[in-house]
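So the sequence shown is numbered by UniProt numbering: it starts at 1 and just counts up by one.
Note that the Cβ used here is the ideal one computed from N, Cα and C, for glycine as well.
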Amino acid sequence: MIYLSKEDIKKVFSMREAIDADKEALGLYSQGKTNIPLRTNIDIPEYNGQSLYMPGYVGGEQPALGMKIVSVYPDNINKKLPSVPATMVVLDPETGIVNAILDGTYLTQLRTGAVQGLATELLSNKDSKTALLIGTGGQGMSQLEAMLTVRSLEKVYIFDLDKTRSEEFCNQAAENFGEIFNTKFESIADVNDVLPIVDIITSVTTSRRATFDGSLVKDGVHINGVGAYTPEMCEIPETALKRASNIYFDTMNGVLAEAGDIIQPLDKGIISKNDISGELGQLINGNIQGRTSESDITVFKTVGTAALDAIVADRIVRLVNK
């Protein structure tokens with residue numbers, strides 16, 4: 001059995017490979033070739049903690065089996081320990097024997113960035129040159145890398161409610177990706193200033209209200225909603241959903257149960273289920289249509305699935321064991 005840290009994973013597995021793995025996972029998910037049980041949540045009140053267990057199996061030619069364990073222990077900060085430790089356990093689907101343990105925090109960042117990158121690759125206009133990233137938390141850098149991987153972006157605008165953090169993120173982005181992708185980065189004080197010009201918008205926050213004005217986005221924009229994962233959270237503005245030509249999800253059941261971005265406007269009657277195009281996996285499998293015009297406004301909403309964790313972790317371990 002092997003243990004793979006963030007650094008170990010980065011040495012062998014690229015964002016491009018993660019995007020391809022996510023594409024495989026969502027295609028198989030939409031074909032019904034996965035087994036994703038409900039998440040198990042164990043409360044540990046005496047230590048002010050909880051532990052969540054997310055198992056998943058993905059079939060296909062190279063099946064993947066694994067379980068991600070994420071714990072939430074706010075008091076860990078006083079012990080100088082991570083407050084949200086995460087671990088991925090990878091099993092051999094043929095024997096059930098544990099093959100590897102991976103850094104679950106980085107795995108989550110990688111596969112979540114990759115699924116947005118996949119949607120951006122499939123749905124945004126191919127000649128997109130400008131993007132807006134809203135939110136510079138733990139997911140921010142992988143979300144940025146994914147957009148840069150699939151589109152030749154000349155400029156990316158960065159926004160965060162914390163201006164200092166936004167500027168620091170911008171500097172780090174320039175250091176990490178500026179020369180590699182030949183891209184410029186700019187920290188902005190108001191997202192609405194750039195909405196009429198950006199080709200791609202990715203919002204990755206836990207906001208309970210829309211993070212931008214949907215009436216200001218231009219025709220042809222592609223929008224990714226990545227951060228909101230409860231019925232109370234809502235990043236994508238209702239006006240943008242109303243204007244959208246196509247709305248896609250990573251998993252229909254997951255988004256309709258968890259994503260306030262979609263649940264709230266459905267409950268209000270602003271959009272209906274008839275406005276939902278389907279799952280990204282259905283598009284991958286050729287069962288539904290994608291963008292049909294350069295002027296279409298497309299929206300992708302993700303809440304994640306254990307299928308992504310299982311297959312990305314499995315592909316990493318296969319590479320290491322080659």
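- Within the stretch 137-171, the runs of beta strand (DSSP E) at least 3 residues long that lie entirely inside it are, in chain order, 155-159.
- Where residue 223 is concerned, the enclosing beta strand (DSSP E) starts and stops at 222-225.
- The Cβ-Cβ distance between residue 246 and residue 277 falls below 7 Å.
- Relative to the Cα of residue 42, the nearest Cα in the group 34, 52, 33, 35 belongs to 52.
- Comparing alpha-carbon positions, the option among 28, 318, 178 lying closest to residue 283 turns out to be 28.
- Under a 10 Å Cβ-count criterion, residue 230 is classified as exposed, with fewer than 16 other Cβ atoms of the shown protein chains found around its own Cβ.
- Each of 109, 68, 78, 83 was checked against the Cα of residue 6, and the nearest Cα belongs to 109.
- Here the stretch 71-87 makes no contact with the stretch 111-119; the two share fewer than three CB pairs at distances below 8 Å.
- In the three-state reduction of the DSSP assignment, residue 252 falls in the helix class.
- Under the three-state reduction of DSSP output, residue 191 falls in the helix class.
- When only Cα atoms are considered, residue 182 and residue 15 end up about 17 Å apart.
- Between the beta-carbon of residue 218 and that of residue 186 there is about 18 Å, and that puts the pair past the 8 Å contact cut.
- Under the DSSP assignment, residue 65 falls in the beta strand (DSSP E) whose first and last residues are 64-72.
- Under the DSSP assignment, residue 50 falls in the beta strand (DSSP E) whose first and last residues are 49-58.
- Short of 8 Å from the beta carbon of residue 254, and not among the five residues preceding or following it, lie these beta carbons of its own chain, in chain order: 303, 304, 305.
- Residue state for residue 259 is assigned as coil, using DSSP reduced to three classes.
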